[in-house]
Amino acid sequence: MDTGDTAWMLTSAALVLLMTPGLAFFYGGMVRSKGVLNMMMMSLGAMGVVGVLWVLVGYSTAFGPDIGGGLLGGPFEFFGLEGLLGPDARTGTVPTTVFAAFQAMFAIIAVALVSGAVADRARFGPWLLFAALWALVAYFPVAHWVFDPTGWIVRGLRAVDFAGGTAVHVNAGAAGLALALVLGRRVGWPRDRPKPHNLPLVVLGAGLLWFGWFGFNAGSAVAANTTAGVTFVNTLVATSAAVLAWLAAERVRDGRATTLGAASGVVAGLVAITPACSAVTPVGAIAIGAVTGALCALAVGLKYRFGFDDALDVVGVHLVGGLSGTVLIGLFADPRAPAGVAGLFHGGGVDQLWRQVVGASAVLAYSFVVSLALGHLVKSLVGFRVDEEAEITGIDEAEHAETAYEFGLRGGTPLKGATGHEAGHGDHQAVHAGRGESGA
Amino acid sequence: MKLVTAIIKPFTLDEVKAALERLGVLGMTVSEVQGYGRQKGHTEVYRGAEYTLDFIPKLRVEALIEDTVVEKVLDAVVDAARTGKIGDGKVWVTPVESVVRVRTGERGTDAL
């Protein structure tokens with residue numbers, strides 16, 4: 017065990033956890049004011065469901081001893097992290113609990129990312145059910161493929177995905193597409209194209225995501241070492257380039273650079289460099305960030321062309337950005353970078369390129385099919401959407417009995433309970449009784 | 021000229037708007053309002069305590085119309101806003117003495 021590595025990994029794990037509330041702000045600011053809380057609750061819900069599942073069976077499914085061709089770890093080998101509480105390192109030079117905690121945060125954010133596709137219309141309970149099923153069937157196995165040394169994408173295929181461009185972003189992006197199709201379009205879409213209700217929240221979220229992402233990428237070195245240094249710098253500079261590229265694309269196409277574009281550029285750049293940060297030089301990172309930033313700025317228009325209501329562009333940013341970052345490794349990989357792989361532009365021919373394409377396509381196909389099936393399963397078991405009246409009036413009030421911005425008259429009068437005394441106003445009691453009779 | 025004011029459930033706005041457009045009503049003003057009628061508010065449990073919410077969110081749609089279409093407009097709005105459940109709202113009509121279009125200074129029905 018190395019104490020320096022352990023300290024960095026504990027720090028990284030906390031950084032990655034912060035990304036999910038960051039995502040809640042990022043997504044929450046983008047929806048309309050009547051749906052903010054439901055949007056944020058889908059992230060918080062993922063933190064609950066996936067955290068528990070990860071400790072019970074998730075770690076074991078992803079990192080337990082392989083039980084079949086690099087496809088799956090044994091889910092019950094380390095049930096409840098059984099047998100892993102000592103100082104022994106199954107990965108790197110850190111206690112296994114530290115690595116398990118770090119990877120738990122990846123599972124949480126991967127699930128939370130999907131929720132952006134179904135903003136404004138998914139009931140909370142069914143979302144939690146979907147989150148659990150999707151973590152079990154889609155995320156945990158794919159994490160085994162990509163992050164476990166015995167996984168088929170790492171060992172058999174030898175595709176490079178350092179921190180989860182495929183396992184997290186292509187996976188979540190494909191699931192977002194599937195779920196948007198299962199739930200269908202929001203009422204009024206695409207005639208109504210709701211603008212973000214609070215861009216400062218979006219910027220706050222993008223900032224927290226970028227901050228946390230240093231743990232996500234540089235922490236994936238599982239050591240406080242040179243690889244962590246290179247991946248840290250690449251995570252900075254690819255993202256900077258993507259912001260500029262997104263804004264430039266907007267300026268040329270629409271005439272103005274927008275705040276939403278800058279914040280989206282941050283996320284697109286981070287997504288793209290996630291798989292690639294160990295395989296490219298900082299200049300290569302700039303290239304990947306710039307290409308992906310511009311590509312995603314264009315890709316967010318696809319939903320209007322094809323008619324799927326991916327409300328917060330999980331497809332345009334995470335699927336397209338994840339594919340772009342993963343495939344571009346095949347072009348920009350530089351043998352001088354820690355991964356030591358040569359892409360097409362560095363004398364490696366197309367060998368790495370096809371490995372990248374196969375790896376990304378496999379995750380895309382698997383995730384899309386599984387997500388479609390799980391989405392339909394949840395829909396047929398318990399229903400997935402709120403009714404039309406709740407959707408138009410406001411999903412926050414309907415699903416959570418709250419609104420994000422409570423102004424004026426709607427505060428309500430407590431009848432009894434929390435205030436510690438019975439409300440004395442007879443007319444309120446009468447209102448209560450009257451409702452009971454009407455049955456409404 | 022008349023001012024027609026409709027208090028409706030928010031999610032019926034699209035249909036009310038479409039109904040008014042079909043009758044050639046050229047403009048409207050919509051505001052988010054809160055209130056109650058015969059149904060009163062409702063009770064809700066939140067963080068272990070029961071609350072009464074006296075005011076329910078509604079939309080107020082206002083449109084200036086010609087005298088000749090009053091009955092048609094009333095029928096159309098009621099038809100579009102009705103769900104048959106409690107809290108569907110109300111529509112009323114008030115006489116309007118004069119109307120001026122600010123940009124051109126036109127008056128009366130020309131300003132509608």
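Chains as they are written, first to last, in the working numbering: chain A, 17 to 456; chain B, 21 to 132.
Note that the Cβ used here is the ideal one computed from N, Cα and C, for glycine as well.
Hey, could you find the ends of the alpha helix (DSSP H) I408(A) is sitting in?
-> Mapped onto the first sequence, residue 408(A) falls at position 392. DSSP places I408(A) inside the alpha helix (DSSP H), whose first and last residues are 404-409.
Count the other C-beta atoms from every protein chain shown that fall within 10 angstroms of the C-beta of T114(B), then say buried if there are 16 or more, exposed otherwise.
-> Taking the first residue of the second sequence as 1, we reach residue 114(B) at position 94. Counting other Cβ atoms within 10 Å of its Cβ, T114(B) stays below 16 and is therefore classed as exposed.
Where G436(A) falls: helix, strand or coil (DSSP) | Walking along the first sequence from the start, residue 436(A) turns up at place 420. Low per-residue confidence applies at G436(A): pLDDT is 43, beneath 50, and the placement is therefore not dependable, though the value from the model is reported in the following sentence. If DSSP states are grouped into helix, strand and coil, G436(A) belongs with coil.
For R352(A), which option in D18(A), A295(A), Q368(A), V331(A) has the closest C-alpha, if you only look at C-alpha atoms?
-> Reading the first sequence from its first residue, position 336 is the one you call residue 352(A). For R352(A), the closest alpha carbon among the candidates D18(A), A295(A), Q368(A), V331(A) is that of A295(A).
Nearest-angstrom Cβ-Cβ length linking W229(A) and M56(A), presumed shorter than 8 Å = On the first sequence, residue 229(A) is found 213 positions in, with the first residue counted as 1. On the first sequence, residue 56(A) is found 40 positions in, with the first residue counted as 1. Taking a contact as a CB-CB distance under 8 Å, the pair W229(A) and M56(A) does not count as one, their CB atoms being some 19 Å apart.
Could you check the C-alpha separation between P298(A) and V249(A) for me, to the nearest Å?
-> Taking the first residue of the first sequence as position 1, residue 298(A) is located at position 282. Taking the first residue of the first sequence as position 1, residue 249(A) is located at position 233. The alpha-carbon of P298(A) is positioned some 7 Å away from that of V249(A).
Just checking my contact of A105(A) with M17(A) at CB under 8 Å: how many whole Å lie between their CB atoms?
-> Locating residue 105(A) in the first sequence gives position 89, where the first residue counts as 1. Locating residue 17(A) in the first sequence gives position 1, where the first residue counts as 1. Beta-carbon to beta-carbon, A105(A) and M17(A) are separated by about 6 Å, close enough to satisfy the 8 Å threshold.
Taking A417(A) as the query, report the chain B residues whose CB atoms sit under 7 Å from its CB, ordered along the chain.
-> Looking up residue 417(A) in the first sequence gives position 401. Those within 7 Å of A417(A) in chain B are E64, Y66.
Paired residues, beta bridge with H392(A) - DSSP | Position 376 of the first sequence, counted from the first residue, corresponds to residue 392(A). Answer is none; H392(A) lacks a bridge partner.
What first and last residue would you give for the alpha helix (DSSP H) that runs through R171(A)?
-> Looking up residue 171(A) in the first sequence gives position 155. Under the DSSP assignment, R171(A) falls outside any alpha helix (DSSP H); it carries neither an H nor an E label.
For the alpha helix (DSSP H) containing Y75(A), list its first residue and its last residue.
-> Taking the first sequence and counting its residues from 1, one reaches residue 75(A) at position 59. Judged by DSSP secondary structure, Y75(A) falls within the alpha helix (DSSP H) whose first and last residues are 75-79.
Please name the residues in the segment 90-108 of chain B whose beta-carbon is closer than 9 Å to at least one beta-carbon of chain A, in chain order.
-> The segment 90-108 of chain B vs chain A, Cβ under 9 Å: T103, K105, I106, G107.
Rounded to a whole number of angstroms, what is the C-alpha to C-alpha distance between R401(A) and S131(A)?
-> As a working mapping, residue 401(A) is identified with position 385 in the first sequence. As a working mapping, residue 131(A) is identified with position 115 in the first sequence. So the two alpha carbons sit approximately 13 Å from each other.
Pair every Cβ in the segment 385-403 of chain A with every Cβ in the segment 326-333 of chain A, then say whether three or more of these pairs are closer than 8 Å.
-> The answer is no - the segment 326-333 of chain A does not touch the segment 385-403 of chain A, with fewer than three Cβ pairs under 8 Å.
Where the segment 399-416 of chain A meets chain B: residues whose CB sits under 9 Å from a CB there = Of all residues in the segment 399-416 of chain A, E404, E405, A406, E407, I408, T409, G410, E413 have a Cβ within less than 9 Å of some Cβ in chain B.
Sort out for me which residues DSSP pairs L23(B) with in a bridge.
-> By 1-based counting over the second sequence, the position of residue 23(B) is 3. In DSSP, L23(B) forms a bridge with L84(B), T114(B).
For D87(B) and chain A, any beta-carbon pair shorter than 8 Å?
-> Here residue 87(B) corresponds to residue number 67 of the second sequence, with the count starting at 1. Interface residue (Cβ-Cβ distance to chain A less than 8 Å): D87(B) is not classified as such.
Between the Cα of V47(A) and the Cα atoms of L263(A), H334(A), L276(A), V283(A), which residue gives the shortest distance?
-> Translated into positions along the first sequence, residue 47(A) becomes position 31. Taking only the C-alpha atoms, the option nearest V47(A) is L276(A).
Compute the Euclidean distance between the alpha carbons of T124(B) and F322(A), then round it to the nearest angstrom.
-> Position 104 of the second sequence, counted from the first residue, corresponds to residue 124(B). Position 306 of the first sequence, counted from the first residue, corresponds to residue 322(A). Roughly 44 Å separates the two Cα atoms.
Classify P206(A) as helix, strand or coil using the three-state DSSP reduction.
-> Residue mapping note: residue 206(A) aligns to position 190 of the first sequence, counting from 1. Residue state for P206(A) is assigned as coil, using DSSP reduced to three classes.
8 Å Cβ shell around A279(A) - same chain, five flanking residues per side excluded | Here residue 279(A) is taken as the residue at index 263 of the first sequence, counted from 1. Within the same chain, A279(A) has close Cβ partners F42, L215, V218, V219, G221, A222.
Per-residue DSSP class, three states only, for V53(B) | The sequence position of residue 53(B) within the second sequence is 33, counting from 1. In this structure, V53(B) counts as strand in the three-state DSSP scheme.
The segment 111-118 of chain A in contact with the segment 175-193 of chain A per 3-pair CB rule at 8 Å | They do not touch, by the three-pair rule.
So, using beta-carbon positions, are A292(A) and I345(A) closer together than 8 Å?
-> As a first step, residue 292(A) is located in the first sequence; it is residue number 276 there, counting from the start. As a first step, residue 345(A) is located in the first sequence; it is residue number 329 there, counting from the start. Contact flag set, yes.
With 16 as the cutoff for other CB atoms within 10 Å, does A446(A) come out buried or exposed?
-> Looking up residue 446(A) in the first sequence gives position 430. A caution first: A446(A) carries a pLDDT of 37, below 50, which makes its placement in the model unreliable, though a value can still be read off. Per the 10 Å Cβ criterion, exposed.
Consider the Cβ of G356(A): report whether some Cβ of chain B lies at a distance smaller than 8 Å.
-> Translated into positions along the first sequence, residue 356(A) becomes position 340. False, the Cβ-Cβ gap to chain B never drops below 8 Å.
Could you tell me whether any Cβ in chain B is nearer than 8 Å to the Cβ of G204(A)?
-> What you label residue 204(A) is simply residue 188 of the first sequence in a count that begins at 1. By this cut-off, G204(A) is an interface position.
Report the neighbours of P77(B) on chain A: residues whose CB is nearer than 9 Å to its CB, in chain order.
-> Counting from 1 along the second sequence, the entry for residue 77(B) is found at position 57. By Cβ distance, chain A contributes T409, G410, E413, R426.
Count the other C-beta atoms from every protein chain shown that fall within 10 angstroms of the C-beta of E415(A), then say buried if there are 16 or more, exposed otherwise.
-> In the first sequence, the residue the question calls residue 415(A) occupies position 399. E415(A) is buried by the Cβ-count criterion.
So who's on the other strand from P77(B), going by DSSP bridges?
-> On the second sequence, residue 77(B) is found 57 positions in, with the first residue counted as 1. DSSP, once it has assigned bridges, lists Q54(B) as partnering P77(B).
Please list the partners that P30(B) has in chain A, where partner means a Cβ-to-Cβ separation under 7 Å.
-> Start at 1 with the first residue of the second sequence, and residue 30(B) comes out as number 10. Residues of chain A passing the Cβ test: I408, T409.
Using Cβ-Cβ distances below 9 Å, what residues of the segment 33-46 of chain B are close to chain A?
-> Listed by position along the chain: L33, D34.
Could you tell me which residues DSSP puts in a beta bridge with D82(A)?
-> The residue given as residue 82(A) occupies position 66 in the first sequence. DSSP, once it has assigned bridges, lists G89(A) as partnering D82(A).
Rounded to a whole number of angstroms, what is the C-alpha to C-alpha distance between I169(A) and G86(A)?
-> Indexing the first sequence from 1 puts residue 169(A) at position 153. Indexing the first sequence from 1 puts residue 86(A) at position 70. Within the model, the alpha-carbon separation for I169(A) versus G86(A) is close to 8 Å.
6 Å Cβ shell around M58(A) - same chain, five flanking residues per side excluded | By one-based count along the first sequence, residue 58(A) stands at place 42. Only S131, W143 meet the Cβ criterion.
Please determine, among R272(A), L72(A), I125(A), the residue with the shortest C-alpha to C-alpha distance to G189(A).
-> Taking the first sequence and counting its residues from 1, one reaches residue 189(A) at position 173. Checking every option, the nearest Cα to that of G189(A) belongs to I125(A).
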